[in-house]
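Accompanying notes for the structure given below.
In the numbering used here, the protein residues as written are 42 to 456.
As structure tokens, this is what we get:
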């Protein structure tokens, strides 16, 4: 199979939400059974290198990008596994900042498919692995083949039952917890936090930025039950001398133990300060384990981290930002950036969403701030029709327009 054939085949499996259920009715039940069997068949590649596992509602991708950049600045050969991808599926699996080449991606899946067919035929697999399980296995195997020194793994959804939790990380990181994927993770902060805290390992090391009181208590209980060492970032670390240059923040990160480091972030938004403190705390834990992470490599890594599609400036004149806010917490972070930098200016918003997202809550935060809103539809089977978006939120902004594609929406906004 070539790259395009593999991509089509993986897409045919359906995304993780469509392909999974919480009650056993459907293509597959969320859990670690499938991925465990598959990885065992491959010889447990995830045990071939140390790893960092990152879960949370928002910020986990940014923290993953920061951690990988810090480790690469320390001259380590890194693996990075993230989701979803922005443009091409092979973006999800990277070694030392470079996506897996398309030919390698195709060869890797072709080999994996042979194992899957054998496992299905023997009855060791009850269901075909999901889209996400296949990609997770591919990432873990590719990192072994590439002899990475350490891998950074971003949880796809939740944590406890996520395929990435088949790894035994040397460090677990929890980013802030908020509402998202309630059908699968629960309808309370406590329930959602419980799923995400499932990545904490017995006698392991955990850094948490989940400062919501209810979430923090759940994380503490889980860490205590597993006798894991826990660092609560908001209690131990602080940011002072905070300054912004067009939304790019610099500050001094400090700890009560005397640690003090001036840093400049490459990712926009004040919410990235919290993410950076979590990454700093994680990097310092790795240094204690013997990884060659020093203060200058932390600063270098944070200044060089790349994470496209998160308040990314894609045009300078006029300024056009691309942001993947997809839940209320992400919308609030975007709104803070908007209010801090464009409160007195006319801003045109282009908006599209998936059907399973909290559209009323998100649009309630964003739409009243815009001079006009152009509704559109991503090229995804889960996308909400712009007419439906208008019906949901038409009273939030008097200037609602519709364009069938994001490209046409951008053209109209730039007119």
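The beta-carbon is built from N, C-alpha and C at its ideal position, and this holds for glycine as well.
Computed from a predicted structure; not experimentally measured.
Original post:
Should the stretch 181-188 be called in touch with the stretch 335-355, which here means at least 3 C-beta pairs below 8 Å?
Top reply: no
**OP:** Output yes or no for whether 8 Å exceeds the beta carbon distance between residue 181 and residue 46.
**Re:** Here residue 181 refers to the residue found at position 140 when the chain shown is read from its first residue. Here residue 46 refers to the residue found at position 5 when the chain shown is read from its first residue. Not closer than 8 Å, so no.
**OP:** Give a yes or no on contact between the stretch 363-372 and the stretch 323-340, applying the rule of three or more CB pairs nearer than 8 Å.
**Re:** no
**OP:** May I ask you to report which of helix, strand or coil DSSP gives residue 324?
**Re:** Along the chain shown, one-based indexing puts residue 324 at 283. Residue 324: helix per DSSP, three-state reduction.
Subject >> Separation of residue 168 from residue 66, as counted between CA atoms >> reply: Mapped onto the chain shown, residue 66 falls at position 25. Mapped onto the chain shown, residue 168 falls at position 127. The predicted position of residue 66 is uncertain, since its pLDDT is 42 and thus under 50; a value taken from the coordinates is nonetheless stated next. Cα-Cα distance, rounded: 12 Å.
Original post:
Exposed or buried, residue 450, counting other C-beta atoms within 10 Å across all chains shown (16 or more means buried)?
Top reply: Counted from its first residue, the chain shown places residue 450 at position 409. Buried, because 16 or more other Cβ atoms sit within 10 Å of the Cβ of residue 450.
**OP:** Would you grab the beta carbon distance between residue 93 and residue 212 for me? Rounded to a whole angstrom, and I think it's under 8 Å.
**Re:** For this step, residue 93 is matched to residue 52 along the chain shown. For this step, residue 212 is matched to residue 171 along the chain shown. Indeed, because the Cβ distance is near 5 Å, the residues count as touching under 8 Å.
Original post:
Does DSSP put residue 65 in a helix, a strand or coil?
Top reply: By one-based count along the chain shown, residue 65 stands at place 24. Per-residue confidence for residue 65 stands at a pLDDT of 45, beneath the threshold of 50, marking its modelled position as unreliable; no derived number is given.
Subject >> Member of 360, 164, 371 and 48 whose CA lies at the smallest distance from the CA of residue 102 >> reply: On the chain shown, residue 102 is found 61 positions in, with the first residue counted as 1. For the residues 360, 164, 371 and 48, the minimum Cα distance to residue 102 belongs to 371.
**OP:** Within the stretch 424-452, note down every full beta strand (DSSP E) run reaching 3 residues or more, in order along the chain.
**Re:** The stretch 424-452 contains these whole beta strand (DSSP E) runs: 441-443.
Original post:
Excluding sequence positions up to five away, which residues of its chain have a Cβ less than 6 Å from the Cβ of residue 387?
Top reply: As a working note, residue 387 is residue 346 in the chain shown. Excluding five sequence positions before and after residue 387, the CB atoms of its chain that fall closer than 6 Å to its own CB belong to 412, given in chain order.
Original post:
Using a Cβ-Cβ cut-off of 8 Å (strictly less than) and excluding sequence neighbours within five positions of residue 243, which residues of its own chain qualify?
Top reply: Here residue 243 refers to the residue found at position 202 when the chain shown is read from its first residue. 267, 268 and 269.
Original post:
In chain order, what residues of the same chain have a beta carbon less than 8 Å from the beta carbon of residue 48, not counting five sequence neighbours either side?
Top reply: Taking the chain shown and counting its residues from 1, the one referred to as residue 48 is at position 7. Once the five neighbours on either side are set aside, the close Cβ partners of residue 48 are 130.
Original post:
From residue 445 to residue 89, what distance separates their C-alpha atoms?
Top reply: In the chain shown, residue 445 corresponds to position 404, counting from 1. In the chain shown, residue 89 corresponds to position 48, counting from 1. Their backbone Cα atoms lie some 47 Å apart in a straight line.
Subject >> Rounded straight-line distance, which links the Cα of residue 72 to that of residue 62 >> reply: As a working note, residue 62 is residue 21 in the chain shown. As a working note, residue 72 is residue 31 in the chain shown. Only weak support exists for where residue 62 lies, its pLDDT of 48 falling under 50; the value from the coordinates is given anyway. Looking at the two C-alpha atoms, the distance is approximately 10 Å.
**OP:** Please state if the CB of residue 172 and the CB of residue 51 are separated by a distance shorter than 8 Å.
**Re:** For the purposes of this step, residue 51 is taken as the residue at position 10 of the chain shown. For the purposes of this step, residue 172 is taken as the residue at position 131 of the chain shown. A contact, by the Cβ cut-off of 8 Å.
**OP:** May I ask you to report which of helix, strand or coil DSSP gives residue 228?
**Re:** Against the chain shown, residue 228 aligns to sequence position 187. Of the three classes helix, strand and coil, the one that applies to residue 228 here is coil, per DSSP.
Original post:
Which class does residue 96 belong to by DSSP, given the choice of helix, strand or coil?
Top reply: As a first step, residue 96 is located in the chain shown; it is residue number 55 there, counting from the start. Of the three classes helix, strand and coil, the one that applies to residue 96 here is strand, per DSSP.
Original post:
How many Å lie between residue 261 and residue 134 at the Cα?
Top reply: Sequence index remark: in the chain shown, residue 261 carries index 220 (1-based). Sequence index remark: in the chain shown, residue 134 carries index 93 (1-based). Between residue 261 and residue 134, the C-alpha separation is close to 32 Å.
Original post:
What residue range is occupied by the uninterrupted beta strand (DSSP E) comprising residue 458?
Top reply: Nothing about residue 458 can be reported from this structure: the residues present for the chain run from 42 to 456 only.
**OP:** Would you list the one or two residues that DSSP bridges to residue 281?
**Re:** Position 240 of the chain shown, counted from the start, is the residue given in the question as residue 281. Partner(s): 293.
**OP:** Could you name each continuous alpha helix (DSSP H) segment of 4 residues or more that falls completely within the stretch 357-421, going from the start of the chain to the end?
**Re:** 369-383 and 400-407
Subject >> Span separating the alpha-carbon of residue 64 from that of residue 199 >> reply: To locate residue 64, count along the chain shown from 1; it is residue 23. To locate residue 199, count along the chain shown from 1; it is residue 158. Its pLDDT being 46, under 50, residue 64 is placed unreliably in this model, and the value from its coordinates should be taken loosely. Taking the Cα positions, residue 64 is about 16 Å away from residue 199.
Subject >> Per-residue DSSP class, three states only, for residue 241 >> reply: In the chain shown, counting from the first residue as 1, residue 241 sits at position 200. Residue 241: coil per DSSP, three-state reduction.
Original post:
For residue 271, which residues of its own chain have a beta-carbon under 6 Å away from its beta-carbon, when the five flanking residues on both sides are left out?
Top reply: Here the question's residue 271 lines up with position 230 in the chain shown. Answer for residue 271: 247 and 264, listed in chain order.
**OP:** Kindly indicate the opening and closing residues of the beta strand (DSSP E) around residue 301.
**Re:** By 1-based counting over the chain shown, the position of residue 301 is 260. Run containing residue 301: 301-309, per the beta strand (DSSP E) assignment.
**OP:** Apply the 10 Å Cβ neighbour rule to residue 152 and answer buried if 16 or more other Cβ atoms are within range, or exposed otherwise.
**Re:** By one-based count along the chain shown, residue 152 stands at place 111. Under this definition residue 152 is an exposed residue.
Original post:
At which residue ranges does the stretch 179-229 contain complete alpha helix (DSSP H) runs of 4 or more residues, listed in the order of the chain?
Top reply: For the stretch 179-229, whole alpha helix (DSSP H) runs of length 4 or above, ordered along the chain, are 223-226.
**OP:** State the beta-bridge partners of residue 120 as determined by DSSP.
**Re:** Residue 120 sits at position 79 when you count from the first residue of the chain shown. As DSSP reads the structure, residue 120 sits in a beta bridge with 136 and 192.
Original post:
Exposed or buried, which one is residue 68 when buried takes at least 16 other CB atoms within 10 Å?
Top reply: Sequence index remark: in the chain shown, residue 68 carries index 27 (1-based). Below a pLDDT of 50, predicted positions are generally treated as unreliable, and residue 68, at 48, falls in that range; the measurement from the model is reported next regardless. By the 10 Å Cβ count, residue 68 comes out exposed.
Original post:
For residue 310, which residues of its own chain have a beta-carbon under 7 Å away from its beta-carbon, when the five flanking residues on both sides are left out?
Top reply: Counting from 1 along the chain shown, the entry for residue 310 is found at position 269. These residues qualify, in order along the chain: 288, 352, 374 and 378.
**OP:** Report yes if the CB atom of residue 114 is closer than 8 Å to the CB atom of residue 426, and no otherwise.
**Re:** One-based indexing of the chain shown puts residue 114 at position 73. One-based indexing of the chain shown puts residue 426 at position 385. No; because the gap between Cβ atoms is not below 8 Å, this pair is not in contact.
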